[in-house]
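Here the numbering used here is used: the first residue of the sequence shown is 45, the next is one more, and so on.
Only one structure is covered here, and it is reproduced in the block below.
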Amino acid sequence: MSSNTGPAPPYTGTPPSNAETAAKVQQLRNLVRTLQAQMNNQQNAATGNNGGSKQRGRDLGEALKLPKPEPFKGQATDDNFEQALKDNFGVVNKERQAVAELLALKQQKSYAAHSAKFRQLAAKTQWDDDALMEIYYRSVKEKVKDKLNQD
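Here it is in structure tokens:
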């Protein structure tokens, strides 16, 4: 058995007329109807042919309906709800999150508080000292930059 991996050969014949195409479509429709009738006959025979009123138990629309939810009784059933939320929607990549916070960090409070926050975030990254010094310099206030430049 050979495998056909190449492109299909070009169609070189004359295209079929509209009448031929319509006849082929009609043949296919008839084939589909015949197959559907055979499937229905097999299903009716399998269910014992109980008048055709109920095919295979219940209607497809009924089978797809969701069950009605239970009313809320004021008590949560999941004790670890907060942990489940963190597990499902928490930070996936902590290093990437730390880098984003580090790049967005600007000194708002004291120099000591800013430095502590910067060290916490820097510890979560794997950046070298040169990169961290540049980011740190950009994140401090202008007054601090002036003092750093004086030294």
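All residues carry an ideal CB built from backbone N, CA and C; glycine is no exception.
Keep in mind it's a predicted model, so treat the numbers as computed, not measured.
Three-state secondary structure assigned by DSSP to residue i
| i | result |
| --- | --- |
| S4 | Past the boundaries of the shown model lies residue 4; the chain is included only from 45 to 195, so the question cannot be answered. |
| P60 | coil |
| N137 | coil |
| V184 | coil |
| L75 | helix |
| L110 | coil |
| Q170 | coil |
| F125 | helix |
| L176 | helix |
Cα-Cα separation between residue i and residue j, rounded to whole angstroms
| i | j | result |
| --- | --- | --- |
| V143 | Y155 | 20 Å |
| K150 | K161 | 10 Å |
| A175 | Y181 | 10 Å |
| L79 | L72 | 11 Å |
| L147 | A157 | 17 Å |
| Q119 | E145 | 37 Å |
| K187 | M177 | 17 Å |
| N84 | T91 | 11 Å |
| P87 | A66 | In the sequence on display, residue 87 carries Gln and not Pro. Approximately 32 Å, taken between the alpha carbons. |
| Q127 | V69 | 58 Å |
| A63 | Q82 | 29 Å |
For residue j and residue i, believed in contact at Cβ under 8 Å, the rounded distance
| i | j | result |
| --- | --- | --- |
| K191 | K168 | No, K191 and K168 are not in contact; Cβ-Cβ is about 27 Å, not under 8 Å. |
Close Cβ partners of residue i (< 7 Å) along its chain, the five nearest in sequence each way excluded
| i | result |
| --- | --- |
| K98 | Because K98 carries a pLDDT of 48, less than 50, the predicted location of this residue cannot be relied on, and the following value inherits that uncertainty. Counting only Cβ-Cβ distances below 7 Å, and skipping sequence neighbours, we find nothing. |
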